[in-house]
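Counting in numbering that gives the first Met the number 0, the sequence shown runs without a single skipped number right up to 307 at its last residue. All remarks here apply to the structure that follows.
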Amino acid sequence: MRTLIFDTDIGVDDAFALAYAARTQRLLGITTVFGNVAVGQAVKNARLFCEKMQIDAPIYRGCARPLALAPSEPAKLHGEDGLGDAFDNAYSDMAPGAVQFIIDSVRAQPHEITLVAIGPLTNIASAINQAPDIIPLVKELVIMGGAFGTDGHSGNVTPFAEFNIWKDPHAADQVLSSALKVVVMPLDVTHKVLISGQEVRQLNQPVLNAIVRPYLAYSLQKEGFDGMALHDTLAIAWLCQPEAFQLAEGPLRVITEGIARGQTVRKLSALASREDPFRDVPAQRVALGVDAAQVRDHFLRTLNDRSE
Ligand code: BDR
Ligand code: CA
0 MRTLIFDTDI GVDDAFALAY AARTQRLLGI TTVFGNVAVG QAVKNARLFC EKMQIDAPIY
60 RGCARPLALA PSEPAKLHGE DGLGDAFDNA YSDMAPGAVQ FIIDSVRAQP HEITLVAIGP
120 LTNIASAINQ APDIIPLVKE LVIMGGAFGT DGHSGNVTPF AEFNIWKDPH AADQVLSSAL
180 KVVVMPLDVT HKVLISGQEV RQLNQPVLNA IVRPYLAYSL QKEGFDGMAL HDTLAIAWLC
240 QPEAFQLAEG PLRVITEGIA RGQTVRKLSA LASREDPFRD VPAQRVALGV DAAQVRDHFL
300 RTLNDRSE
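Encoded structure:
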């Protein structure tokens, strides 16, 4: 069991990941960021979801916009409110600052805190920019984001870019090329771990069942599939079952401009080149293979278990 700061733009799959994290890890705090929804809505969603799921963790308000780009529209896939428009939400959108919380917590508990980031990486980039001394003190940063093209999984916003990275490519590039110890769960693996609508409905989880309905309806209409990729849950799956993943290692960067904006790239060539954008960039780990059945089974069992 790890001590986590859970950084989220809380939409439907983030909520699934949070439910899984609450049952398998120690939650030190939930930091919110814009992405699937505006940051104020993310604060409200985190409050509502924690209340309904009896998750006890303080909630913080993070960045409202990307580091350098103009803000873009929230995602529609998760419903207008990000949680499937399933519940009235009268919670406050005010909360203490997320970036300062990350900095203070890592300094207070050096080498103890695992950061899990399942939205745009703006809070994490802001924290390491404001307090670079925390970089070696973070135990590990696990990210859901990016796409490296395995089996054609190269993007979900554009043919090149995954949503979380596309939303703030500058933040992602700073984080991935930093000396943080990063593990990336990209679309290459998250698109392989699917659960059906039937499996969600059979879960002993009325709140999850309620928030997922529009997401499943959208998927059925667009893809003809009554189900969803677990996406953000894989960041927690890595902490629970690292043996279920095959990792590659190498320096990573993000394309910040042009048609491939938001594309995550990995150094593949060992040849020396005169202009090397990977020069002095530390190697990070990225999951390119997954035992989908193992991850699904553990997730479904954990969420079905009434005793936890
Ligand atoms: C990511 O995009 C978001 O909509 C999901 O919550 C997930 O973090 C998948 O590309
Ligand atoms: Ca997310």
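The beta carbon of each residue, even a glycine, is placed where N, CA and C say it ideally should be. None of the values given here were measured: they were computed from a predicted structure.
Test item: CB-CB of residue i and residue j under 8 angstroms
| i | j | result |
| --- | --- | --- |
| P185 | D8 | no |
| A178 | I142 | no |
| A126 | V98 | yes |
| A243 | Q293 | yes |
| R252 | V280 | yes |
| G30 | N122 | This sequence places Thr at residue 30; Gly is not what is there. Contact: yes. |
| I54 | R46 | no |
| I94 | R60 | In the sequence under discussion, the amino acid at residue 94 is Ala, which differs from the Ile named in the question. Yes, the Cβ-Cβ distance between A94 and R60 is below 8 angstroms. |
| L82 | A20 | no |
| A247 | R273 | no |
| A146 | D187 | yes |
| G28 | F86 | no |
| I112 | G144 | no |
| L66 | A124 | yes |
| L26 | T149 | no |
| K51 | V211 | no |
| F162 | A74 | yes |
| N303 | L202 | yes |
| I194 | G226 | yes |
| D92 | V42 | yes |
| Q240 | H297 | yes |
| A63 | F33 | yes |
Residues near residue i in its chain [Cβ-Cβ closer than 6 angstroms; skip 5 each side]
| i | result |
| --- | --- |
| D12 | H230, D231 |
| G10 | N35, H77, G81 |
| V115 | L3, F5, V141, A234 |
| F48 | A14 |
| A236 | V294 |
| Y90 | K43, R46, L47 |
| A291 | K191, V192 |
Contact set for residue i: own chain, Cβ-Cβ below 8 angstroms, skip 5 residues either direction
| i | result |
| --- | --- |
| E307 | Here E307 scores only 45 on pLDDT, less than 50, and its place in the model is too uncertain to base an answer on. |
| R106 | A130, D132, I133, L136 |
| A56 | F5, A21, L26, L27, G28, I29, C49 |
| S104 | I4, L27, G28, I112 |
| S218 | F224, D225, G226, M227 |
| Q245 | A286, L287, G288, V289 |
Those residues which DSSP pairs with residue i across a bridge
| i | result |
| --- | --- |
| A247 | V285 |
| L26 | L3 |
| T263 | V253 |
| G226 | S195 |
| V141 | V115, V182 |
| T301 | For T301, which the question treats as bridged, DSSP gives no partner whatsoever. |
| T31 | T7, R60 |
Local conformation of residue i per DSSP, three classes
| i | result |
| --- | --- |
| T189 | helix |
| M93 | coil |
| E242 | helix |
| E307 | With a pLDDT of only 45 at E307, under 50, the local geometry of the prediction cannot be trusted, and no value is derived from it. |
| A37 | coil |
| D290 | coil |
| E256 | coil |
| R60 | strand |
| T157 | coil |
| S176 | coil |
| A236 | helix |
| N203 | coil |
| R295 | helix |
Nonlocal neighbours in the same chain, by C-beta distance under 7 angstroms from residue i, ignoring five residues either side
| i | result |
| --- | --- |
| T255 | P168, H169, D172 |
| S71 | K166 |
| L110 | According to the sequence displayed, residue 110 carries His and not Leu. These residues qualify, in order along the chain: L136, K138. |
Rounded distance between the beta-carbons of residue j and residue i, thought under 8 angstroms
| i | j | result |
| --- | --- | --- |
| A160 | Q283 | With a Cβ gap of about 18 angstroms, A160 and Q283 do not count as contacting. |
| L299 | E198 | 6 angstroms |
| V289 | V183 | About 13 angstroms; that fails the 8 angstroms criterion. |
| D84 | P213 | 7 angstroms |
CB contact below 8 angstroms: residue i versus chain C
| i | result |
| --- | --- |
| D290 | This model lacks chain C altogether; it includes just one protein chain. |
Distance cut-off 7 angstroms: residue i Cβ against heavy atoms of ligand 4
| i | result |
| --- | --- |
| G118 | In the structure shown, ligand 4 is absent; the only ligands present are ligand 1 and ligand 2. |
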